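Asker: Numbering (the numbering used here), first residue to last: 6 to 379.
Ideal placement from N, C-alpha and C gives every residue a C-beta, glycine not left out.
Just so we're clear, the structure is a prediction, and the values are computed from it rather than from any experiment.
One structure follows; several queries about it will come next.
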């Protein structure tokens, strides 16, 4: 099969995140199975316009800011150069509306759509642009097949008017050769609560900081370790100072993969307080390292947590509820030890090989149903 994949960015882009990793983990396996993949994406400072990587032909044009306008023309040029059996479009920011331009089998990969949650992150103008850009998806992509990364994303698409039978689900995996328990790695002496991810307003890390004083009422020496960077860092540091928590909160910034693994293994609990995600991959990474999680009972996150097995859920936005679940884990030794072990078993269910196999099955189904339509 000859596949043309389109995404905003590839994993070499300095701003790449989970959506880019997800798509490329799938595609590099598809290439290894003997198929051809051309990958179209935006460029970045000092990025090459064309290169071969992981068996894929990478073509970069435009920038992160204008790629939604550049993408249709880049796709046209690539279709003029070669024949493709399938277009795979990753809709992880705003859609490119490629079915309006090209009459080919089309698979839309959707981590999640923002909906009204975008107004928690962006200013009114940008948020409205994203919100209304998502509105035409059911109509523009009426002939497309869909690949969601969680049942929550699938259900959201159904609510928006997309037929359930047109949606396949393939949950993200983790690299179990890296994310695993290390018998030589010991927990920190001080009870340590970890947040690992981008520091964006909608990620709601401010809820976690606000919950820490309640946790410390029960566990006086609990500390919070915040790993990652983003444009909400200043506000989070201001809140930390306002609450008198400077001695209890550490901002580690961006770290290496080796340091990330150390934090996941040595922290006592990992927290994911977001109102909506496609999937909580950090939850699975923490679990694979033997660390239980506490996550908001929100779309995408609830799919990645097995309650009382791999972690605990709380009502999104309930600060005292979040604190109570953290305190419960940190103060109940028997519960903690049991969950640390069962979390590893839960995480083993999610592999990139399985994700890729299910995703490629969706690709084959997309092409087959297109041909059957005549």
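Evaluate contact between the region 168-175 and the region 259-273, counting only Cβ atoms and requiring at least three cross-stretch pairs below 8 angstroms.
Answerer: The answer is no - the region 259-273 does not touch the region 168-175, with fewer than three Cβ pairs under 8 angstroms.
Asker: Below 8 angstroms between beta carbons: does that hold for residue 108 and residue 7?
Answerer: For this step, residue 108 is matched to residue 103 along the chain shown. For this step, residue 7 is matched to residue 2 along the chain shown. No, they are not a contact pair.
Asker: According to DSSP, is residue 30 helix, strand or coil?
Answerer: Along the chain shown, read from residue 1 onward, the residue named residue 30 stands at position 25. Here residue 30 sits in helix by DSSP.
Asker: Does the structure place the region 281-289 close enough to the region 247-264 that three or more beta carbon pairs sit under 8 angstroms?
Answerer: The region 247-264 vs the region 281-289: no contact.
Asker: Could you give the C-beta distance for residue 299 and residue 327, rounded to a whole number, given that I count them as a contact under 8 angstroms?
Answerer: Sequence index remark: in the chain shown, residue 299 carries index 294 (1-based). Sequence index remark: in the chain shown, residue 327 carries index 322 (1-based). Contact holds; Cβ gap of about 7 angstroms.
Asker: Assign residue 136 to buried or exposed, taking buried as 16 or more other Cβ atoms, counted over all protein chains shown, within 10 Å of its Cβ.
Answerer: As a position in the chain shown, residue 136 is number 131, starting the count at 1. Residue 136 comes out buried.
Asker: I need the DSSP call for residue 93, collapsed to helix, strand or coil.
Answerer: Your numbering for residue 93 matches position 88 in the chain shown. In this structure, residue 93 counts as strand in the three-state DSSP scheme.
Asker: Return yes when the Cβ of residue 367 is within less than 8 angstroms of the Cβ of residue 27, no when it is not.
Answerer: Counting from one through the chain shown, the residue named residue 27 turns up at place 22. Counting from one through the chain shown, the residue named residue 367 turns up at place 362. Not a contact, by the Cβ cut-off of 8 angstroms.
Asker: How would you label residue 239, buried or exposed, when you count the other beta carbons within 10 angstroms and need 16 or more for buried?
Answerer: For the purposes of this step, residue 239 is identified with residue 234 of the chain shown, where counting begins at 1. That one is exposed.
Asker: Do residue 138 and residue 99 count as a contact pair if the criterion is CB distance below 8 angstroms?
Answerer: In the chain shown, counting from the first residue as 1, residue 99 sits at position 94. In the chain shown, counting from the first residue as 1, residue 138 sits at position 133. Contact: yes.
Asker: When the Cβ atoms of the region 38-53 are set against those of the region 116-128, are three or more pairs found closer than 8 angstroms?
Answerer: Because the criterion of three Cβ pairs below 8 angstroms is not met, the region 38-53 and the region 116-128 do not touch.
Asker: Quick check on the DSSP output: the alpha helix (DSSP H) that includes residue 175 runs from which residue to which?
Answerer: Numbered from 1 along the chain shown, position 170 holds the residue referred to as residue 175. Where residue 175 is concerned, there is no enclosing alpha helix (DSSP H), given that its DSSP letter is neither H nor E.
Asker: Between the C-alpha atoms of residue 194 and residue 345, what's the straight-line distance to the nearest angstrom?
Answerer: Along the chain shown, read from residue 1 onward, the residue named residue 194 stands at position 189. Along the chain shown, read from residue 1 onward, the residue named residue 345 stands at position 340. Taking the straight line joining both Cα atoms gives about 17 angstroms.
Asker: Give me the Cα-Cα distance between residue 310 and residue 352, rounded to the nearest whole angstrom.
Answerer: Counting from one through the chain shown, the residue named residue 310 turns up at place 305. Counting from one through the chain shown, the residue named residue 352 turns up at place 347. For residue 310 and residue 352, the distance between alpha carbons rounds to 9 angstroms.
Asker: Taking only three categories from DSSP, how would you classify residue 167?
Answerer: Counted from its first residue, the chain shown places residue 167 at position 162. Here residue 167 sits in coil by DSSP.
Asker: Does residue 46 come out as helix, strand or coil in the three-state DSSP assignment?
Answerer: Locating residue 46 in the chain shown gives position 41, where the first residue counts as 1. Strand at residue 46.
Asker: Shortest alpha-carbon distance to residue 257 belongs to which of 218, 165, 202?
Answerer: If you number the chain shown from 1, residue 257 lands on position 252. Considering only alpha carbons, the answer is 202.
Asker: Is the beta carbon of residue 268 less than 8 angstroms from the beta carbon of residue 301?
Answerer: Sequence index remark: in the chain shown, residue 268 carries index 263 (1-based). Sequence index remark: in the chain shown, residue 301 carries index 296 (1-based). No.
Asker: Does the distance from the C-beta atom of residue 30 to that of residue 15 stay below 8 angstroms?
Answerer: The residue labelled residue 30 in the question sits at position 25 within the chain shown. The residue labelled residue 15 in the question sits at position 10 within the chain shown. In this structure, residue 15 does not lie closer than 8 angstroms to residue 30 by Cβ.
Asker: Relative to the C-alpha of residue 361, which residue among 10, 13, 35, 12 is closest?
Answerer: Counted from its first residue, the chain shown places residue 361 at position 356. Residue 35 is the option with its Cα nearest to residue 361.
Asker: Under 8 angstroms between the Cβ atoms of residue 319 and residue 330?
Answerer: In the chain shown, the residue the question calls residue 319 occupies position 314. In the chain shown, the residue the question calls residue 330 occupies position 325. In this structure, residue 330 lies closer than 8 angstroms to residue 319 by Cβ.
Asker: Return the chain-ordered list of same chain residues with a C-beta closer than 8 angstroms to the C-beta of residue 296, the five sequence neighbours on each side being excluded.
Answerer: Numbered from 1 along the chain shown, position 291 holds the residue referred to as residue 296. Excluding sequence neighbours, residue 296 sits near 199, 269, 270, 272, 273, 274, 275, 345, 348.
Asker: Check this for me: beta carbons of residue 219 and residue 94, under 8 angstroms apart or not?
Answerer: Translated into positions along the chain shown, residue 219 becomes position 214. Translated into positions along the chain shown, residue 94 becomes position 89. No. Outside cutoff.
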